[in-house]
Amino acid sequence: MVFPMNDSSCIKVGIVTVSDRASRGEYEDRGGPAVVQYLSEVLASPWEPVLRLISDDRQLIEDCLIELVDRERCSLVVTTGGTGPAERDVTPEATAAVCERLLPGFGEEMRRVSLQYVPTAILSRQLAGTRGQSLIINLPGSPKSISQCLDGIFAAIPYCLDLLGAPRIETNSDRIVAFRPKSSS
Amino acid sequence: MVFPMNDSSCIKVGIVTVSDRASRGEYEDRGGPAVVQYLSEVLASPWEPVLRLISDDRQLIEDCLIELVDRERCSLVVTTGGTGPAERDVTPEATAAVCERLLPGFGEEMRRVSLQYVPTAILSRQLAGTRGQSLIINLPGSPKSISQCLDGIFAAIPYCLDLLGAPRIETNSDRIVAFRPKSSS
Amino acid sequence: MVFPMNDSSCIKVGIVTVSDRASRGEYEDRGGPAVVQYLSEVLASPWEPVLRLISDDRQLIEDCLIELVDRERCSLVVTTGGTGPAERDVTPEATAAVCERLLPGFGEEMRRVSLQYVPTAILSRQLAGTRGQSLIINLPGSPKSISQCLDGIFAAIPYCLDLLGAPRIETNSDRIVAFRPKSSS
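And the structure:
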């Protein structure tokens, strides 16, 4: 894991844990660290995490996503938690509100992948979208599901960031083979 | 099938047949009875059906869904019919209008399951969403498709109702094994 | 390929290439011809193509789709290009704006099919919907992906057009077996 601060080719990744209980300290945040661990294993190019831990409050989530994209200049922002059907789950609403366009294929594929493990995967409302040159992706809360979902979609993320004009990222090809169409490489 | 009227752990299930012709008596409603039959076989806990038969009129459908959720206190409401691309098919529009949040995984999975039987499954616009503590699900009109769709999603319904704060339901595990994550049981 | 002009059972198919560079003549349009080639092989009933080549401009795309449906009376309109996540990709937005209803199953299935070939298929925002009695479908830009996507969905198109009140079309059954439920044939 490399965290150079002033390298223009280093991408910043916002990692937002959304959880009432974790944000009150009632239990340890396990989602955020699971995302950091995953990215440490998968990314081969320099990156810097920007971590946040907030409650399931729609306005807070929106403000946090906007801050990470517009001020912190994170090229990739992933949330963990708050995507279920319960009343307090508002991460997808907040994400949709700050995104300029949604990419429905991410949510579809993450549900399809998760469905191979648990039938309740269809309850997840997780989505992805873009704001400016940044990609925002909702992940589930559980570390195991986070890993399963990211395995299902990560090969498409480097090229997506290319298309958005974000810095180029590379992956460890023994974990994830990033796909870039020939015409774009 | 058990229909106790004043048991707090008995859930009410709204079953709405949406069909111009069936509502005019031009042919027999086969969708509604197919849903009743399915639930009779699958539900192991007490439940009470609340049956409706209405025409493909968006306002009527909206009023009916609101009545079943807000007044009748149905924890689960399923519609049958009116989800295709034809002009008179307006069940998804009515459903989206009365739901507070949509659960896209239900529609995706029902189409994916139906697609194993007929290629025209992609034409279905069926969706699901929540209103208050109730789950509303659009099913197709044909009895066979109803059964195929419910088989594909039913394992997730009990936990979804748990998350919404509805009464706990149990299934006959020889038909459907309801999935509840360990942390929530 | 048969292009009779005044046959009431002949359907018109709008084929819209959306590409800044092709519309400026910087390279040859390969998407439009690929769609024409595909339909020539698959359609067994008379049809007439109405071709357009425009830039990735949302207003232009909307105007073009409206012209093809409302004035040219195309029963089927397919676009190629402009469905990715990049800033200039606006075909889905234009399509959604002119459609009265969306048919999410088309986009889901085209992404699922494409995903068997490239992991970046999840980045496509392609959708389909109806305007009046016409079906509008977004296809990707590459000829190979166009063919893969159409193979995945074409069996459902004839019945969809039936439901919309468009002229009946037939397919070459060695390429695509059009599915029409028994009750509707």
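Same order as they appear, the protein sequences are chains A, B and C.
No gaps in the numbering here: position 167 of the first sequence is 179 in the numbering used here, and each next residue is one more.
No gaps in the numbering here: position 154 of the second sequence is 166 in the numbering used here, and each next residue is one more.
No gaps in the numbering here: position 154 of the third sequence is 166 in the numbering used here, and each next residue is one more.
By construction, the Cβ of each residue, glycine as well, lies at the ideal position given by its N, Cα and C atoms.
Could you name the residues of chain B that residue 50 (chain C) contacts, counting a contact when the two beta carbons are closer than 7 Å?
-> Within chain B, no residue comes near residue 50 (chain C); the closest Cβ sits about 17 Å away, beyond 7 Å.
Apart from the five residues just before and just after residue 26 (chain C), which ones in its own chain have a Cβ nearer than 6 Å to its Cβ?
-> The beta carbon of residue 26 (chain C) sits closer than 6 Å to the beta carbons of 62, 80, 86, 89 from its chain, once the five residues preceding and following it are set aside; these are given in chain order.
Partner residues on chain B for residue 130 (chain A), Cβ-Cβ distance less than 8 Å = Those within 8 Å of residue 130 (chain A) in chain B are 191, 193.
Roughly how many angstroms separate the alpha carbons of residue 114 (chain A) and residue 41 (chain C), rounded to a whole number?
-> When only Cα atoms are considered, residue 114 (chain A) and residue 41 (chain C) end up about 27 Å apart.
Among B:121, B:37, B:36, B:64, which residue has its Cα nearest to the Cα of residue 48 (chain B)?
-> Each of B:121, B:37, B:36, B:64 was checked against the Cα of residue 48 (chain B), and the nearest Cα belongs to B:64.
Can you tell me the Cα-Cα spacing of residue 96 (chain C) and residue 138 (chain C), whole angstroms?
-> It is roughly 8 Å from the alpha-carbon of residue 96 (chain C) to the alpha-carbon of residue 138 (chain C).
Spatial distance of residue 183 (chain A) from residue 50 (chain C) (CA atoms) = Pairing residue 183 (chain A) with residue 50 (chain C), the inter-Cα distance amounts to about 37 Å.
Candidates C:142, C:192, C:84: which alpha carbon is nearest residue 176 (chain C)'s?
-> Proximity to residue 176 (chain C) across C:142, C:192, C:84 peaks at C:142, based on C-alpha coordinates.
Is there contact here, the segment 141 to 155 of chain A with the segment 115 to 132 of chain B, by at least three beta-carbon pairs under 8 Å?
-> With the rule of 3 Cβ pairs closer than 8 Å, the segment 141 to 155 of chain A does not count as touching the segment 115 to 132 of chain B.
Under a Cβ-count criterion, where at least 16 other Cβ atoms within 10 Å of its own Cβ denotes burial, should residue 193 (chain B) be classed as buried or exposed?
-> Residue environment: residue 193 (chain B) is assigned as exposed (fewer than 16 neighbouring CB atoms within 10 Å of its CB, all protein chains considered).
By DSSP, does residue 44 (chain B) sit in helix, in strand, or in coil?
-> Collapsing the DSSP output to three states places residue 44 (chain B) in a helix.
Nearest neighbour of residue 180 (chain B), chosen from B:124, B:46, B:55 [CA to CA] = Each of B:124, B:46, B:55 was checked against the Cα of residue 180 (chain B), and the nearest Cα belongs to B:55.
Determine the extent of the beta strand (DSSP E) in which residue 146 (chain C) is found, giving its start and end residues.
-> Per DSSP, residue 146 (chain C) belongs to the beta strand (DSSP E) from 146 to 151.
Quick one: what does DSSP say residue 107 (chain C) is sitting in, helix, strand or coil?
-> Helix.
Does residue 108 (chain C) have its Cβ less than 7 Å from a Cβ in chain B?
-> No, no contact with chain B.
Chain-ordered neighbours of residue 165 (chain B) on chain A, where CB pairs are closer than 7 Å | Those are 134, listed as they occur along chain A.
Three-way DSSP call (helix, strand, coil) for residue 21 (chain A) in this model | It is coil, neither helix nor strand.
Chain A within 7 Å of residue 120 (chain B), Cβ atoms only | At a cut-off of 7 Å between C-beta atoms, residue 120 (chain B) counts as an interface residue with respect to chain A.
Helix, strand or coil at residue 84 (chain A) according to DSSP, with G and I counted as helix = Looking at residue 84 (chain A) - three-state DSSP - the assignment turns out to be coil, as it is neither helix nor strand.
From the DSSP output, which residues share a beta bridge with residue 27 (chain B)?
-> The partner list for residue 27 (chain B) (beta bridge, DSSP) reads B:63, B:90.
Counting only runs that start and end within the segment 107 to 143 of chain C, where is the beta strand (DSSP E) found for 3 or more residues in a row?
-> You should have 140 to 143.
When the Cα atoms are used, what is the spatial distance from residue 24 (chain B) to residue 59 (chain B)?
-> C-alpha of residue 24 (chain B) to C-alpha of residue 59 (chain B): approximately 6 Å in a straight line.
Who are the neighbours of residue 5 (chain B) on chain A, taking C-beta pairs under 9 Å?
-> Nothing can be reported for residue 5 (chain B), as the shown portion of chain B is limited to 13 through 197.
Among A:98, A:188, A:46, A:38, which residue has its Cα nearest to the Cα of residue 28 (chain A)?
-> Checked all of A:98, A:188, A:46, A:38; the closest Cα to residue 28 (chain A) is A:46.
What does residue 26 (chain C) reach in chain B if we use C-beta pairs closer than 8 Å?
-> Here the premise fails: no neighbours, minimum Cβ distance about 18 Å.
Distance between residue 92 (chain A) and residue 189 (chain B) (C-alpha atoms, nearest Å) | Residue 189 (chain B) and residue 92 (chain A) have their C-alpha atoms roughly 28 Å apart.
Between the C-alpha atoms of residue 191 (chain B) and residue 35 (chain A), what's the straight-line distance to the nearest angstrom?
-> Between residue 191 (chain B) and residue 35 (chain A), the C-alpha separation is close to 28 Å.
Verify whether the separation of the beta carbon atoms of residue 68 (chain C) and residue 100 (chain C) is less than 7 Å.
-> Between residue 68 (chain C) and residue 100 (chain C), the C-beta gap is smaller than 7 Å, which places the two residues in contact.
Kindly list, in the order they appear in chain C, the residues whose Cβ is closer than 7 Å to that of residue 142 (chain A).
-> The answer, in chain order, is 97.
Measure from the alpha carbon of residue 106 (chain C) to the alpha carbon of each residue in C:52, C:186, C:38, C:150, then state which is nearest.
-> Of C:52, C:186, C:38, C:150, the residue nearest in Cα terms is C:150.
Return the chain-ordered list of same chain residues with a C-beta closer than 7 Å to the C-beta of residue 198 (chain B), the five sequence neighbours on each side being excluded.
-> The structure shown does not extend to residue 198 (chain B), since chain B is modelled only from 13 to 197, so the question has no answer here.
Taking a cut of 8 Å between CB atoms, which residues from the segment 67 to 98 of chain C lie near chain B?
-> Cβ contacts with chain B come from no residue of the segment 67 to 98 of chain C.
Would you mind working out which of C:154, C:164, C:152 sits nearest residue 125 (chain C), comparing C-alpha positions?
-> Its Cα nearest to that of residue 125 (chain C), the residue C:164 stands out among C:154, C:164, C:152.
Short check: CB of residue 70 (chain C) to CB of residue 102 (chain C), under 7 Å?
-> Less than 7 Å separates the beta-carbon of residue 70 (chain C) from that of residue 102 (chain C).
Just mark residue 4 (chain A) as buried or exposed, buried being the case when its beta carbon has 16 or more other beta carbons within 10 Å.
-> Given that chain A is displayed from residue 13 to residue 197, the structure contains no residue 4 (chain A) and the question cannot be resolved.
Range of the contiguous alpha helix (DSSP H) that encloses residue 55 (chain B) | Per DSSP, residue 55 (chain B) is not a residue of any alpha helix (DSSP H), being assigned neither H nor E.
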